[in-house]
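Residue numbers (the numbering used here), protein chains in the order written: chain A, 443 to 456; chain B, 6 to 259.
Backbone N, C-alpha and C define an ideal beta-carbon position, used for all residues, glycine too.
Predicted, not measured: the structure shown is a model, and the values here were computed from it.
Below you'll find the structure, written out as structure tokens, and then a few comments.
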Amino acid sequence: SSIQSTLVVYYEKI
Amino acid sequence: ARLLHGSIFAKVIEGLRELVNEATWECSGNGITLQAMDSSHVALVSLVMRSEGFESYRCDRNMSLGISLVSMSKVLKTMGKDDSLTIRVNDDSDSIIIAMESQNQDKFADYELRLMDLDSEHLGIPDTDYSCAIKMPSSEFSRICRDMSIMGDSVLICTTKEGVKFSAKGDLGQGSIRLVQTTNIEKEEEAVIIEMKEAVALTFAVRYLSMFCKAAPLSPQVGLSLSEDTPLMCEFKIAEMGHVRFYLAPKIED
Numbered sequence: 443s444s445i446q447s448t449l450v451v452y453y454e455k456i
Numbered sequence: 006a007r008l009l010h011g012s013i014f015a016k017v018i019e020g021l022r023e024l025v026n027e028a029t030w031e032c033s034g035n036g037i038t039l040q041a042m043d044s045s046h047v048a049l050v051s052l053v054m055r056s057e058g059f060e061s062y063r064c065d066r067n068m069s070l071g072i073s074l075v076s077m078s079k080v081l082k083t084m085g086k087d088d089s090l091t092i093r094v095n096d097d098s099d100s101i102i103i104a105m106e107s108q109n110q111d112k113f114a115d116y117e118l119r120l121m122d123l124d125s126e127h128l129g130i131p132d133t134d135y136s137c138a139i140k141m142p143s144s145e146f147s148r149i150c151r152d153m154s155i156m157g158d159s160v161l162i163c164t165t166k167e168g169v170k171f172s173a174k175g176d177l178g179q180g181s182i183r184l185v186q187t188t189n190i191e192k193e194e195e196a197v198i199i200e201m202k203e204a205v206a207l208t209f210a211v212r213y214l215s216m217f218c219k220a221a222p223l224s225p226q227v228g229l230s231l232s233e234d235t236p237l238m239c240e241f242k243i244a245e246m247g248h249v250r251f252y253l254a255p256k257i258e259d
């Protein structure tokens with residue numbers, strides 16, 4: 443089954 | 006900021022307000038930008054409205070304006086279809102003024118909305134060289150999201166040189182829609198164009214894609230940019246003035 447990732451996994455907080 | 010066709014602004018707000026209820030608008034001499042994430046940090050919207058796209062635009066100093074998009078949407082719903090729109094914030098004011106003017110200048114409406122103090126988080130999104138860029142009619146994309154949501158919560162997007170396939174499965178069974186690339190482009194607005202460096206297969210939550218489709222009235226075409234292990238970028242252009250870009254984190258194998 444798949445789980446939802448979040449954007450903070452891919453992009454840095456600025 | 007004045008727009009002869011105020012409906013453009015109303016469409017922008019309608020496109021954003023479901024994903025982000027409130028957001029900070031950054032105003033500068035170059036225009037208006039906004040970046041905001043949904044509360045679960047799964048999706049992000051980035052808006053650019055350049056100053057030259059407005060009938061008139063002036064910003065004497067940079068300002069960050071916290072605005073309830075839900076309230077702004079309610080105000081903009083009062084606007085006539087062909088009304089022009091002027092948005093104004095005076096120095097040291099805690100509210101934004103939304104002024105509407107009918108086409109034959111026989112009706113003038115003014116609203117003031119209180120500004121909000123918002124904590125905003127920003128993400129640095131690098132320029133990405135995506136493996137695959139798809140363009141298709143935005144109405145078609147809306148329809149696909151609607152149809153796929155019948156079958157499941159997630160949609161798998163697979164691209165090949167021939168076309169793009171959307172598929173979903175769930176308790177009912179499964180379904181898929183395959184679009185083939187348009188070979189003979191007569192009307193650019195109706196074309197499906199796929200630029201592919203590498204095939205991709207990525208899964209996304211349909212619920213978010215459907216929210217992005219709320220911005221579909223802004224543009225006859227939508228752009229979907231995909232790379233493996235990268236958030237999807239879904240773009241609607243705003244005529245000559247800018248764009249609304251949505252980013253969506255993919256679903257990954259547990």
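Option in B:137, B:123, B:172 and B:40 with minimal Cα separation from residue 198 (chain B) = Of the listed residues, the one whose Cα sits closest to residue 198 (chain B) is B:137.
Comparing the C-beta of residue 129 (chain B) with each C-beta of chain A, is any distance below 8 Å?
-> Any Cβ of chain A closer than 8 Å to the Cβ of residue 129 (chain B) would place that residue at the interface, and such an atom is present.
Inter-stretch contact (C-beta, 8 Å, three-pair minimum) for the segment 61-76 of chain B and the segment 24-31 of chain B = Contact between the segment 61-76 of chain B and the segment 24-31 of chain B is present: three or more C-beta pairs spanning the two stretches fall below 8 Å.
May I ask whether a heavy atom of the ligand MG can be found less than 7 Å away from the beta carbon of residue 203 (chain B)?
-> The ligand content of the structure shown is nil, which means the ligand MG is not present either.
If you pair each beta-carbon of the segment 117-133 of chain B with each one of the segment 94-101 of chain B, do three or more pairs fall below 8 Å?
-> The way I'd put it, the segment 117-133 of chain B does touch the segment 94-101 of chain B; three or more beta-carbon pairs between them come closer than 8 Å.
Anticipated Cβ contact below 8 Å, residue 58 (chain B) with residue 238 (chain B), distance rounded = Contact flag wrong, Cβ pair sits at about 21 Å.
Is there at least one Cβ from chain A nearer than 8 Å to residue 259 (chain B)'s Cβ?
-> Contact of residue 259 (chain B) with chain A is assigned, a C-beta pair being separated by under 8 Å.
For residue 75 (chain B) versus residue 22 (chain B), is the C-beta spacing smaller than 8 Å?
-> Taking C-beta atoms as the reference points, residue 75 (chain B) and residue 22 (chain B) count as a pair closer than 8 Å.
Cβ shell of residue 110 (chain B) (< 8 Å), same chain only, five flanking positions each side left out | Excluding positions up to five away in sequence, the list is empty.
Locate the beta strand (DSSP E) running through residue 19 (chain B), then write down its first and last residues.
-> Under the DSSP assignment, residue 19 (chain B) falls outside any beta strand (DSSP E), being part of the alpha helix (DSSP H) whose first and last residues are 12-21.
Short Cβ contact (8 Å threshold) for residue 104 (chain B) with residue 83 (chain B) | Against a cut-off of 8 Å, the Cβ pair of residue 83 (chain B) and residue 104 (chain B) comes out as no contact.
Roughly how many whole angstroms lie between the Cα atoms of residue 447 (chain A) and residue 206 (chain B)?
-> Distance from the CA of residue 447 (chain A) to the CA of residue 206 (chain B), rounded to the nearest whole angstrom, comes to 16 Å.
Would you mind stating whether residue 256 (chain B) and residue 204 (chain B) have Cβ atoms separated by less than 8 Å?
-> Cβ distance not < 8 Å, so residue 256 (chain B) and residue 204 (chain B) don't count as in contact.
Would the beta-carbon of residue 223 (chain B) fall within 8 Å of that of residue 249 (chain B)?
-> In this structure, residue 249 (chain B) lies closer than 8 Å to residue 223 (chain B) by Cβ.
Residue 256 (chain B) versus chain A: which residues are under 8 Å apart at the beta carbon?
-> Under the 8 Å cutoff, chain A gives 444, 445, 446 and 447.
How many angstroms separate the CA atom of residue 163 (chain B) from the CA atom of residue 125 (chain B)?
-> Roughly 34 Å between the two C-alpha positions.
Best match in B:16, B:38 and B:34 for proximity to residue 86 (chain B) [C-alpha to C-alpha] = Measuring from the Cα of residue 86 (chain B), the nearest candidate turns out to be B:16.
So residue 254 (chain B) and residue 47 (chain B) are in contact, right, with Cβ under 8 Å, and what is the actual spacing, rounded?
-> 5 Å between Cβ atoms; contact.
Can you list the residues of chain A that residue 159 (chain B) reaches, using a CB-CB cut of under 8 Å?
-> Scanning chain A for C-beta atoms nearer than 8 Å to the C-beta of residue 159 (chain B) yields 444, reported in chain order.
Please decide whether residue 49 (chain B) counts as near chain A, where near means a Cβ-Cβ distance under 8 Å.
-> Residue 49 (chain B) counts as touching chain A.
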